[in-house]
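**Student:** So for the sequence shown, numbering that gives the first Met the number 0 puts the first residue at 0; every next one is plus one. Just passing along the structure, written as structure tokens.
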Amino acid sequence: MKTVLVAGGAGFIGSHLCDVLIEQGHKVFCVDNFATGHTNHIVHLMKNKHFKLIKHDVTKPFEIKGQLDEIYHLASRASPIDYQKFPTSTALANSIGTYNLVKLALKKNATLLFASTSEAYGEPREHPQKESYWGNVNPVGIRSCYDESKRFGEALLMAYHREMHADIKIVRIFNTYGPRLRPGDGRVISNFIRQALLGEPITIYGDGKQTRSFCYVSDMVRGLMMMMESDYIGPKNLGNPKEFTILQLANLIKNITGSKSELVFKKLPEDDPTKRQPDISSARDLLGWKPDIELEEGLKSTIEWFKILPLINY
Ligand code: NAD
Ligand code: UDP
Numbered sequence: 000m001k002t003v004l005v006a007g008g009a010g011f012i013g014s015h016l017c018d019v020l021i022e023q024g025h026k027v028f029c030v031d032n033f034a035t036g037h038t039n040h041i042v043h044l045m046k047n048k049h050f051k052l053i054k055h056d057v058t059k060p061f062e063i064k065g066q067l068d069e070i071y072h073l074a075s076r077a078s079p080i081d082y083q084k085f086p087t088s089t090a091l092a093n094s095i096g097t098y099n100l101v102k103l104a105l106k107k108n109a110t111l112l113f114a115s116t117s118e119a120y121g122e123p124r125e126h127p128q129k130e131s132y133w134g135n136v137n138p139v140g141i142r143s144c145y146d147e148s149k150r151f152g153e154a155l156l157m158a159y160h161r162e163m164h165a166d167i168k169i170v171r172i173f174n175t176y177g178p179r180l181r182p183g184d185g186r187v188i189s190n191f192i193r194q195a196l197l198g199e200p201i202t203i204y205g206d207g208k209q210t211r212s213f214c215y216v217s218d219m220v221r222g223l224m225m226m227m228e229s230d231y232i233g234p235k236n237l238g239n240p241k242e243f244t245i246l247q248l249a250n251l252i253k254n255i256t257g258s259k260s261e262l263v264f265k266k267l268p269e270d271d272p273t274k275r276q277p278d279i280s281s282a283r284d285l286l287g288w289k290p291d292i293e294l295e296e297g298l299k300s301t302i303e304w305f306k307i308l309p310l311i312n313y
């Protein structure tokens, strides 16, 4: 039995990770300030004696009593519309939050895994993106609170590793979806499913020819845990390499839901990357990880989750 801290454990990916850790018999500290997380995601774990919720902002130092073996740092807003509304707390969660967590990891002799992002590649000039690509990021643009703070988080951890031998792991997560994405989250899959189910216009930003590669959450959680258990530091790409245009995604969601929603075209947000596809050969060859869930199958279970929710205010 390990003792594991999941920062951001009440969020979308974090709560699925807490589920698997508890299922495997580990003790879990879930640290979350509920910026975007929700008690709905963890309520079923609250009676478990091995699960402890700590309401706390990781940008403020904190202590955990006793042993700690592993720390997952997932505590950051992740939806562009949302992090652009709260740029300072987002930048701080990935910088000062990472600093506080690496200090905790050093003190406890624990391994820290940092959830970085495909955004670290910015508007990529290499396609698909390999970990060796340094990226093309606007350092002062509206996404920089997120992508540059993730890049800084990576750099800070490498510094702690080189100088203090901190046991760290860096993972670059590509667009991940599944049940517990909030309908009001603002990311593309949330928006399209909510709009399709409500019969509202489906909002395509730009011409919809930009691409993303979508990974189902159970595949992602398995990858995060395999990385944690490995000897690798990373950075390691985790994502599903099957690439779709946003128009293809909209039509797929329309077909699955049987929705009559029309597609409407809106202005493309500033600095919105035109393409994104992970090269996962390193995760596949070194960790033995690959995603199993096809987009259509994953969308079906995500849509079922959305159907049981109040779609407007959550
Ligand atoms: P999410 O918003 O559902 O989860 C983030 C969680 O962190 C929420 O519960 C939120 O309340 C909490 N949080 C935010 N700031 C905090 C702070 N300062 N202190 C404590 N808790 C805080 O998002 P998600 O999609 O589950 O993303 C989880 C992590 O994975 C994030 O770090 C994100 O940047 C990264 N990531 C996600 C994706 C994706 O497609 N989902 C892609 C790339 C990277
Ligand atoms: N997008 C869209 N309509 C929406 C929301 C997003 O066309 O209602 C597009 C967005 O412009 C981007 C892609 O979908 O090109 C993915 O956006 P998301 O916010 O999910 O995450 P990103 O990958 O940009 O971080």
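For each residue, glycine too, the CB sits at the ideal point set by N, CA and C.
With the cut-off set at 8 Å, would you say THR116 and ILE12 are in Cβ contact?
**Tutor:** In this structure, ILE12 does not lie closer than 8 Å to THR116 by Cβ.
**Student:** Buried or exposed for PHE113, going by 16 or more other Cβ atoms inside 10 Å?
**Tutor:** Classification of PHE113: buried, given that the 10 Å Cβ count is 16 or more.
**Student:** Can you tell me whether ALA34 sits near the ligand NAD, meaning its C-beta is under 7 Å from at least one heavy atom of the ligand?
**Tutor:** Yes.
**Student:** Verify whether the separation of the beta carbon atoms of GLY121 and ASP81 is less than 8 Å.
**Tutor:** The answer is no: Cβ separation not under 8 Å.
**Student:** Can you tell which of MET0, GLN83, ALA158, SER280 has the C-alpha that lies nearest to the C-alpha of GLY185?
**Tutor:** Closest option to GLY185, Cα to Cα, is GLN83.
**Student:** Cα separation between GLN128 and THR301?
**Tutor:** Going by the C-alpha atoms only, they are around 27 Å apart.
**Student:** What's the gap between the Cα of LYS289 and the Cα of ASN239?
**Tutor:** Distance between the alpha carbons of LYS289 and ASN239 is about 8 Å.
**Student:** If you measure from the CB of ALA212, is any heavy atom of the ligand NAD nearer than 7 Å?
**Tutor:** The displayed chain sequence assigns Ser, not Ala, to residue 212. Flag unset: Cβ of SER212 not near the ligand NAD.
**Student:** Mind checking ARG179: buried by the 16 CB within 10 Å criterion, or exposed?
**Tutor:** Buried: at least 16 other Cβ atoms inside 10 Å.
**Student:** Since TYR132 and PRO138 should fall inside the 8 Å C-beta cutoff, what is the C-beta to C-beta distance between them, to a whole number of angstroms?
**Tutor:** Actually they do not touch by this definition, with Cβ atoms about 17 Å apart.
**Student:** Which stretch, first to last residue, makes up the beta strand (DSSP E) that contains ALA6?
**Tutor:** Taken as a continuous stretch (DSSP letters only), the beta strand (DSSP E) holding ALA6 covers 2-6.
**Student:** What distance in whole Å lies between the Cβ atoms of ASN47 and ILE21, which are believed to be in contact at a cut-off of 8 Å?
**Tutor:** Right, the Cβ-Cβ distance comes to about 6 Å (below 8 Å), so this counts as a contact.
**Student:** Within a Cβ cutoff of 6 Å, which residues of the same chain sit near LEU294, ignoring the five residues on either side of it in sequence?
**Tutor:** Once the five neighbours on either side are set aside, the close Cβ partners of LEU294 are PHE213.
**Student:** By how many angstroms is the C-alpha of PRO200 removed from the C-alpha of GLU130?
**Tutor:** In a straight line, the C-alpha of GLU130 is about 37 Å away from that of PRO200.
**Student:** What do you get for ASN254, buried or exposed, if any count of 16 or more other CB atoms within 10 angstroms of its CB means buried?
**Tutor:** Result: exposed.
**Student:** Between which two residues does the beta strand (DSSP E) carrying ASN32 extend?
**Tutor:** Careful: ASN32 lies outside any beta strand (DSSP E) and carries neither H nor E.
**Student:** For a test of the three-state rule: what should DSSP assign to GLU295, helix, strand or coil?
**Tutor:** Helix at GLU295.
**Student:** Considering only DSSP beta bridges, list what PRO277 is partnered with.
**Tutor:** In DSSP, PRO277 forms a bridge with GLN128.
**Student:** Ordered along the chain, which non-local residues of its own chain (more than five positions away) have a Cβ less than 7 Å from that of ASP284?
**Tutor:** Here the set comprises nothing.
**Student:** Where THR87 and GLY177 are concerned, what is the direct C-alpha to C-alpha distance, given to the nearest angstrom?
**Tutor:** Using only the alpha carbons, I get a separation of about 27 Å.
**Student:** Enumerate in chain order the residues of its own chain whose CB-to-CB distance from TRP304 is below 6 Å, with the five nearest sequence positions on each side excluded.
**Tutor:** Closer than 6 Å at Cβ, skipping near neighbours: PRO178.
**Student:** Considering just the uninterrupted stretch of the alpha helix (DSSP H) at LEU105, what are its terminal residues?
**Tutor:** Looking at the DSSP string, the run of the alpha helix (DSSP H) that includes LEU105 is 86-107.
**Student:** For a test of the three-state rule: what should DSSP assign to ARG161, helix, strand or coil?
**Tutor:** Note: ARG161 maps to helix in three-state DSSP.
**Student:** Work out the CA separation of THR2 and VAL30 for me, nearest whole Å.
**Tutor:** Distance between the alpha carbons of VAL30 and THR2 is about 13 Å.
**Student:** Note down, one range per segment and in chain order, each beta strand (DSSP E) of at least 3 residues found wholly within the region 156-244.
**Tutor:** Those beta strand (DSSP E) runs which fall completely within the region 156-244 and span 3+ residues are 167-172, 201-204, 210-212, 235-237, 242-244.
**Student:** Alpha helix (DSSP H) containing HIS15: first to last residue?
**Tutor:** Its alpha helix (DSSP H) spans residues 11-22.
**Student:** For ILE53, report the span of its beta strand (DSSP E) as first-last.
**Tutor:** Run containing ILE53: 50-54, per the beta strand (DSSP E) assignment.
**Student:** Could you spell out the range, first to last residue, of the beta strand (DSSP E) harbouring TYR71?
**Tutor:** Per DSSP, TYR71 belongs to the beta strand (DSSP E) from 69-72.
**Student:** In chain order, what residues of the same chain have a beta carbon less than 6 Å from the beta carbon of PHE61, not counting five sequence neighbours either side?
**Tutor:** Within the same chain, PHE61 has close Cβ partners HIS55.
**Student:** Count the C-beta pairs between the region 219-230 and the region 260-276 that are closer than 8 Å, then say yes if the count reaches three, no if not.
**Tutor:** The region 219-230, when compared against the region 260-276, does not touch it at the 8 Å Cβ threshold.
**Student:** Just reading off the beta strand (DSSP E) that PHE264 is part of, what are its end residues?
**Tutor:** First-last of the beta strand (DSSP E) with PHE264: 262-265.
**Student:** So is the beta-carbon of ILE141 under 7 Å away from any non-hydrogen atom of the ligand NAD?
**Tutor:** Because no heavy atom of the ligand NAD lies under 7 Å away, the Cβ of ILE141 does not count as near it: no.
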